[in-house]
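Peer 1:
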Amino acid sequence: MNVLDDLAGGLVVSCQPLPDDPEDPMRDPYVQARVAAAVVRGGAVAVRVNGPDDITAVRPVVDVPVIGLYKHGTEGVVITPTAAHALDVALAGADIVAVDATDRPRPDGRTFADTVRLIRERTDVLILADVATATEGVAAVEAGADAVATTLSGYTPASPPTDGPDLGLVARLAAQLSVPVIAEGRYRTTEQIGRAFDAGAHAVVMGNAVTSPLWITRRLVPATPRAASAPEKRE
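Take the sequence shown: its letters are residues 1227 to 1461, numbered as in the numbering used here.
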């Protein structure tokens, strides 16, 4: 058994501030640690946390697996883009390191397989491959990934954007792979969670819909009369 077994049939919660808003008040390691503790108390089987500082803050306050990643940059490969970032995440205390496993070029010139080898040589963490397509998922497992997540579906040129989660990708990966498939990306309702498990997901990740007051409020405010009557802002 390994920590991935602890995720089986459960909800993983991503505890991260909004990446596109540097003024998000949730952008603080202490705050993210409190958020992580709260979602674990609510039943989350694991948390997904961004960056060494937040991982270091979260690790002592939860007793569930920590999926760590390191977002760096704004274009192309952003999620744990280099082997050095992956090692920083592992050293910060993550049990599982999430790494972009798409076929796009990586900033350090290494392939995903190269990154996997380096992580294996220097740590004992498990590797979660974030992918956008079934082909990338198969290639990631061949390169040594311990699990695959649909995190990047809709966010790369190889995968068209959709409003909701990519349940079809979950089903295709579950049918083709022998490793756990983690459903992630635009999960917002209990119905979507259930459909992901029906499609073969090992676990489901929810993020902003649970942990971002800023994101949630922005989605709710347009339904109010005040928002409807407000003058349009001109750029």
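Ideal placement from N, C-alpha and C gives every residue a C-beta, glycine not left out. Quick caveat: nothing in here was measured; it's all calculated off a predicted structure.
Under 8 Å: do the region 1290-1303 and the region 1432-1440 share three or more Cβ pairs, one atom per stretch?
Peer 2: no
Peer 1: Mind reading off the beta-carbon distance from Val-1396 to Ala-1425? Whole number of angstroms is fine, and I expect it under 8 Å.
Peer 2: 4 Å
Peer 1: What residue range is occupied by the uninterrupted beta strand (DSSP E) comprising Ile-1322?
Peer 2: 1322-1326
Peer 1: Using only CA atoms, which one of Thr-1443, Pro-1331, Glu-1249 lies nearest to Val-1382?
Peer 2: Correcting the residue type first, residue 1382 is Thr in the shown sequence and not Val. Restricting attention to Thr-1443, Pro-1331, Glu-1249, the CA atom closest to the CA of Thr-1382 is found in Pro-1331.
Peer 1: If you follow the beta strand (DSSP E) that Ile-1505 is part of, which residue opens it and which one closes it?
Peer 2: Limits of the chain in this structure are 1227 at one end and 1461 at the other, which puts residue 1505 out of reach.
Peer 1: Note down, in chain order, each residue of its chain lying with its Cβ closer than 6 Å to the Cβ of Ala-1453, except the 5 sequence neighbours on either side.
Peer 2: Val-1447
Peer 1: Taking the beta carbon of Ala-1462 as the centre, do at least 16 other beta carbons fall within 10 Å, making it buried, or is it exposed?
Peer 2: Because the chain is modelled from 1227 through 1461, residue 1462 falls outside the range shown and cannot be assessed.
Peer 1: Should Thr-1388 be counted as a contact of the ligand MG given a C-beta to heavy atom distance under 6 Å?
Peer 2: Among the components of this structure there are no ligands whatsoever, and the ligand MG is therefore not found.
Peer 1: Among Ile-1442, Pro-1386, Phe-1338, whose alpha-carbon lies nearest the alpha-carbon of Gly-1370?
Peer 2: Phe-1338
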